[in-house]
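These protein sequences, in sequence, are chains S and L. Sequential numbering of the first sequence, starting at 261, is according to this note's numbering. Sequential numbering of the second sequence, starting at 261, is according to this note's numbering. Worksheet: the structure to be examined is printed underneath.
Protein chains: 2
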Amino acid sequence: MPRFTHPRLEDVPLDLALHALADPNRLGMVARLAATERLSCSDAAPCDSIPKSTLSNHLKLLRAAGLIETTQVGREMINTLRRSEFDGRFPGLLDAVLANNSG
Amino acid sequence: MPRFTHPRLEDVPLDLALHALADPNRLGMVARLAATERLSCSDAAPCDSIPKSTLSNHLKLLRAAGLIETTQVGREMINTLRRSEFDGRFPGLLDAVLANNSG
DNA sequence: GCATACAGTTCAATATTCCCGAACTATTAA
DNA sequence: TTAATAGTTCGGGAATATTGAACTGTATGC
Chain S
261 MPRFTHPRLE
271 DVPLDLALHA
281 LADPNRLGMV
291 ARLAATERLS
301 CSDAAPCDSI
311 PKSTLSNHLK
321 LLRAAGLIET
331 TQVGREMINT
341 LRRSEFDGRF
351 PGLLDAVLAN
361 NSG
Chain L
261 MPRFTHPRLE
271 DVPLDLALHA
281 LADPNRLGMV
291 ARLAATERLS
301 CSDAAPCDSI
311 PKSTLSNHLK
321 LLRAAGLIET
331 TQVGREMINT
341 LRRSEFDGRF
351 PGLLDAVLAN
361 NSG
């Protein structure tokens, strides 16, 4: 099974981070993770209608951007925000984005 | 000649703004405009090698995101940042992005 | 005036990226 | 060991992005 690779935050370029956040579905998931600590993939989904493969791709992108960490627990993949690491790499960015979300 | 349409900032969704900033070329142009006040299209270009049509498209996208205003002066198109308007719509966002640029 | 250069846009074709159904893998439950 | 669950990967069509070529409108030179 996939043991995911998580990038070091210093290797994440700003463009990639912004691109990851520049999508309503992904941003919604990040916002949810910011409020909820730990979520399985399906629980992190922004809505019921989104296909599994699409959801999986979004989460892969969020991983690549250094925004989330995914670990396997049983048959679930548990996702958490890499909040402090991300904030260390891009100070103030996530706060600003989340503060302007759904406003 | 094209008299450009500039959106009201309240009509700009966050995704669109982030998408506009999530590109090295466009972000470079925004950073330059933040430092330079007024720039023609070619002066705003992030490098010499970028084709004119690509540059024109990037600027169109920045306009659609409410980030820049373009007005014709003679045969040049002069671009300026809509800084205060953008900041009013998305407080702290542009500051955070620019502060994390080229770091 | 008329031709030429210039600044940038628009168009259309190519190249890239994204989305999602279908098939697959691994883990748990019966 | 069979079936169900949770999610990944693959592949092809849809949507976007890039860019050369043709075009528009403005200024300059003769």
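Note that beta-carbon positions come from the ideal geometry of N, C-alpha and C, so glycine has one too. Just so it is clear, the structure is predicted and the values come from calculations on it, not from any experiment.
If you follow the alpha helix (DSSP H) that residue i is part of, which residue opens it and which one closes it?
{"i": "valine 272(L)", "result": "Taken as a continuous stretch (DSSP letters only), valine 272(L) belongs to no alpha helix (DSSP H), as it is neither H nor E."}
{"i": "serine 302(S)", "result": "301 to 304"}
{"i": "glutamate 336(S)", "result": "Segment 336 to 341 is the beta strand (DSSP E) holding glutamate 336(S); no alpha helix (DSSP H) there."}
{"i": "proline 284(S)", "result": "284 to 296"}
{"i": "aspartate 355(S)", "result": "353 to 359"}
{"i": "threonine 314(S)", "result": "312 to 324"}
With distances taken between CB atoms, is the gap from residue i to residue j smaller than 9 Å?
{"i": "aspartate 283(L)", "j": "aspartate 275(S)", "result": "yes"}
{"i": "leucine 319(L)", "j": "cysteine 301(L)", "result": "yes"}
{"i": "histidine 266(S)", "j": "arginine 342(S)", "result": "yes"}
{"i": "aspartate 303(S)", "j": "glycine 352(L)", "result": "no"}
{"i": "leucine 293(S)", "j": "leucine 278(L)", "result": "no"}
{"i": "threonine 340(S)", "j": "leucine 315(S)", "result": "no"}
For residue i, which residues in chain S fall below 7 Å Cβ to Cβ?
{"i": "glycine 348(L)", "result": "Correct list: empty, because the minimum Cβ distance to chain S is about 11 Å."}
{"i": "proline 279(L)", "result": "The question names proline, but residue 279(L) in the sequence shown is histidine. Near histidine 279(L) (Cβ distances below 7 Å), the residues of chain S are Ala282."}
Residue i touches chain L at which residues, Cβ-Cβ below 8 Å?
{"i": "glycine 352(S)", "result": "Gly352, Asp355, Ala356, Ala359 and Asn360"}
At a CB-CB cut-off below 9 Å, which residues of chain L make contact with residue i?
{"i": "leucine 287(S)", "result": "Leu274, Asp275 and Leu278"}
If I follow the unbroken beta strand (DSSP E) through residue i, where does it start and stop?
{"i": "threonine 331(L)", "result": "328 to 333"}
Open item on the list: Pairs of beta-carbons, one from the segment 310 to 323 of chain L and one from the segment 352 to 360 of chain S, closer than 8 Å: are there three or more?
Closed with: Short answer: they don't touch.
Open item on the list: Three Cβ pairs or more, each shorter than 8 Å: is that satisfied between the segment 323 to 333 of chain S and the segment 323 to 331 of chain L?
Closed with: As far as the Cβ criterion goes, the segment 323 to 333 of chain S does not touch the segment 323 to 331 of chain L, which means the pair count is below three.
TODO: Decide if the segment 280 to 300 of chain L is in contact with the segment 263 to 270 of chain L; the criterion is three or more beta carbon pairs, one per stretch, under 8 Å apart.
DONE: The answer is no - the segment 263 to 270 of chain L does not touch the segment 280 to 300 of chain L, with fewer than three Cβ pairs under 8 Å.
- [ ] Could you name the residues of the segment 327 to 346 of chain L whose beta carbon sits closer than 9 Å to any beta carbon of chain S, in the order they occur along the chain?
- [x] From the segment 327 to 346 of chain L, no residue has a Cβ closer than 9 Å to chain S.
Open item on the list: Using a Cβ-Cβ cutoff of 9 Å, what residues of the segment 265 to 277 of chain S are near chain L? List them in chain order.
Closed with: So the close ones are Pro273, Leu274, Asp275, Leu276 and Ala277.
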